[in-house]
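Residue numbers (our numbering), protein chains in the order written: chain A, 43 to 198; chain B, 12 to 235.
Note that the Cβ used here is the ideal one computed from N, Cα and C, for glycine as well.
A short worksheet on the structure shown next.
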Amino acid sequence: MKLSTLAVIALALGLFQLTFLHYFKVFGVQPDLFLISAILASFFLPARRAIIFSLALGVFKDAFILSAFGLDILLFSLWSFLIVKITRKVSLEDNLSRTLLVFIIALLHNAIHGLVLVYSGSFIPPGIFLRTVFWGGLYTALVLPLMLRIIKVRIL
Amino acid sequence: MAVSRPPFSLVAFLQRELGGIVFYHHNLVTNARLKKENELLRYKLNAWNETYLENTRLKENLSFKQKSAFRVIAARVIIRPADNWSSGLVIDKGSSQGIQKGLAVATCLGLAGRIVEATDSTAKVMLLNDPNLGVSSLVQRSRQEGLVCGTLGANLMMKYLPEDADIKLGDTIISSGLNATYPKGLLIGKVVDIGKDFSGLSRFAVIKPAVDLSNIEEVLVIVP
């Protein structure tokens, strides 16, 4: 996939997340479309481009969040790097294995984000913490096959 | 008075059916035109409904603005934050309109949050249910003080209440004015549950916010 195509997709998903996605919240949680864009980049772009693209996405996302600036920049680049490393050794061609990988990444991403907030002094009840970590991860992972299908049918 | 029923006869039936066949094309064109007109009217009705609802909200805000002793700046919500770990929004007014970091944000229903960042034309608002926001508050009836914090959920939590705190279900919680950011007396919400802290040393109260924090479209920034 071309970098420009992916950039347009990421921009569209980003704008959708910033404006209308809160209408699709389930149990108070919304999927992370920025993370999905970063993961798509890691699947479809060469290693260096994917990492730079994810870093740029992290900056885009962090510009619109209210806490822990810089965490997404760091984590998106890290996930991108890890996916590039993993896909060199393991074949991840089917949607199920990709979804599973996204679920694990989204789970870790949410958990790190939440723990940073807790350790920086914010009070988050354990129930809401677990709900955001687990359900946020699952919701993000479940959106990925839909995105892959749209990309495959409409763009590729 | 007897209601006369339209006469049904074979002649009338044939006349109607023949008319339908003869004027088929005319009817088809009229039908298409009416469908288009209907769509346009539906669109206009929807736009009118939206304007009506907006007008109602703005009237409420204007009424708050006129009644309120504070100077307020009205703003529209343009963006919601991108993650699940914070609760906030971005408004379409910034430092060029007099908005600065730290100002309180309310709606006509009560306190909504605080400005955490302001650019020339936009500002970021941290909402009350963000865990990083704490508001010094009072129980209106007993004047019991506490700290209202966000939990990322639909409700807020009033912490640091002593064991013998005079607080009951249904009590109204207002801002105490101890923090210069929030003027005294702004409505925060109502007590819906009271519990004991994990340590057992103090109590907490669960507050249902007066403002529906997930559905804010316009806000009022309070300028001191």
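Given that a residue counts as buried once 16 or more other Cβ atoms are within 10 Å of its Cβ, and exposed if not, what is residue i?
i              : result
N143 (chain B) : buried
G254 (chain B) : Only positions 12 to 235 of chain B appear in the structure, and residue 254 (chain B) is not among them; the question remains open.
R44 (chain B)  : exposed
Y193 (chain B) : buried
M12 (chain B)  : In this predicted model, M12 (chain B) has a pLDDT of only 47, less than 50, meaning its place in the structure is not dependable; the value taken from the coordinates is given anyway. M12 (chain B) comes out exposed.
T62 (chain B)  : exposed
D141 (chain B) : buried
Q26 (chain B)  : exposed
E28 (chain B)  : exposed
S164 (chain A) : buried
W59 (chain B)  : exposed
D182 (chain B) : buried
Q4 (chain A)   : Given that chain A is displayed from residue 43 to residue 198, the structure contains no residue 4 (chain A) and the question cannot be resolved.
H37 (chain B)  : exposed
Using a C-beta to C-beta distance shorter than 9 Å, which residues of chain B count as neighbours of residue i?
i              : result
S79 (chain A)  : Per Cβ cutoff of 9 Å: no residues; S79 (chain A) is ~11 Å from chain B at best.
G70 (chain A)  : N95, L163, G164, A165, S225
T141 (chain A) : Here the premise fails: no neighbours, minimum Cβ distance about 19 Å.
Whose C-beta lies closer than 6 Å to the C-beta of residue i among residues of the same chain, with five residues either side of it excluded?
i              : result
F145 (chain A) : G179, A183
L55 (chain A)  : L75, S79
L134 (chain A) : R140
L149 (chain A) : G179
T67 (chain B)  : none
I147 (chain A) : W121
I81 (chain A)  : V144
Going by DSSP, name the residue or residues bridged to residue i.
i              : result
V232 (chain B) : B:I84, B:V116
K207 (chain B) : B:R214
G124 (chain B) : B:V116, B:L138
I102 (chain B) : B:V88, B:A134
A129 (chain B) : B:A134
K68 (chain A)  : Sequence inspection shows Val at residue 68 (chain A); the Lys mentioned does not correspond to that position. The partner list for V68 (chain A) (beta bridge, DSSP) reads A:V71.
K201 (chain B) : B:T183, B:K219
Between which residues of its own chain and residue i is the CB-CB distance below 8 Å, once the five residues before and five after are set aside?
i              : result
I107 (chain A) : D114
N72 (chain B)  : A85, T118, C119, E229, L231
T130 (chain B) : G105, S106
Find the residues of chain B that neighbour residue i, judging by a C-beta separation of less than 8 Å, and give them in chain order.
i              : result
F106 (chain A) : I90, P92, A93, V101
I170 (chain A) : T162, L163, G164
G156 (chain A) : W96
K127 (chain A) : The contacting residues do not exist; K127 (chain A) stays about 26 Å from chain B at best.
T174 (chain A) : N95, W96, L163
K103 (chain A) : A93, D94
Starting from residue i, trace the beta strand (DSSP E) both ways and give me its first and last residue.
i              : result
L149 (chain B) : 145–150
F215 (chain B) : 214–220
L172 (chain B) : 167–172
L158 (chain B) : 156–161
By the criterion of Cβ-Cβ separation under 9 Å, what are the contact partners of residue i in chain A?
i              : result
N143 (chain B) : L108, S109, L159, S162, G163, S164
C160 (chain B) : S164, F165
V146 (chain B) : Going along chain A, no residue has its Cβ under 9 Å from V146 (chain B), so there is no contact; the nearest lies around 13 Å.
Between residue i and the rest of its own chain, which residues show a CB-CB distance below 7 Å, the 5 nearest in sequence each way excluded?
i              : result
K170 (chain B) : G157, L158, C160, F215
S187 (chain B) : S147, S148, L149, E156, K195
I6 (chain B)   : Because chain B is modelled from 12 through 235, residue 6 (chain B) falls outside the range shown and cannot be assessed.
V158 (chain A) : A110, L113
V68 (chain A)  : Y181
G113 (chain B) : R125, I126, T192
I185 (chain B) : S148, L149, Q151, G196, L197, L198, I199
A176 (chain B) : Q155, R214
N137 (chain A) : P187, L190
R91 (chain B)  : L100
I102 (chain B) : A86, R87, V88, I89, T133, A134, V136, V230
Counting only Cβ pairs nearer than 7 Å, list the residues of chain E close to residue i.
i             : result
F76 (chain A) : This model lacks chain E altogether; the protein chains it does include are A and B.
Which residue comes first and which comes last in the alpha helix (DSSP H) that contains residue i?
i              : result
R191 (chain A) : 168–192
T183 (chain B) : It is not in any alpha helix (DSSP H) - T183 (chain B) instead sits in the beta strand (DSSP E) that spans 183–186.
V33 (chain B)  : 21–33
Y161 (chain A) : 137–161
D223 (chain B) : D223 (chain B) -> no alpha helix (DSSP H), and no H or E assigned at all.
S122 (chain A) : 113–131
G164 (chain B) : Segment: none, G164 (chain B) is in no alpha helix (DSSP H) and carries neither H nor E.
K103 (chain A) : 89–104
L57 (chain A)  : 45–61
Starting from the beta carbon of residue i, find every residue of chain B whose beta carbon is closer than 7 Å, and list them in chain order.
i              : result
G178 (chain A) : N95
L60 (chain A)  : I90, R91, A93
Residues of chain A with a CB under 8 Å from the CB of residue i: which are they?
i              : result
K112 (chain B) : Residues of chain A passing the Cβ test: none, with the nearest at roughly 12 Å.
K135 (chain B) : L108
V202 (chain B) : Within 8 Å Cβ-Cβ: nothing; V202 (chain B) doesn't reach chain A, min ~17 Å.
V127 (chain B) : L108
Just to check, is the beta-carbon of residue i closer than 8 Å to a non-hydrogen atom of the ligand MN?
i             : result
T41 (chain B) : This structure does not include the ligand MN; it has no bound ligands of any sort.
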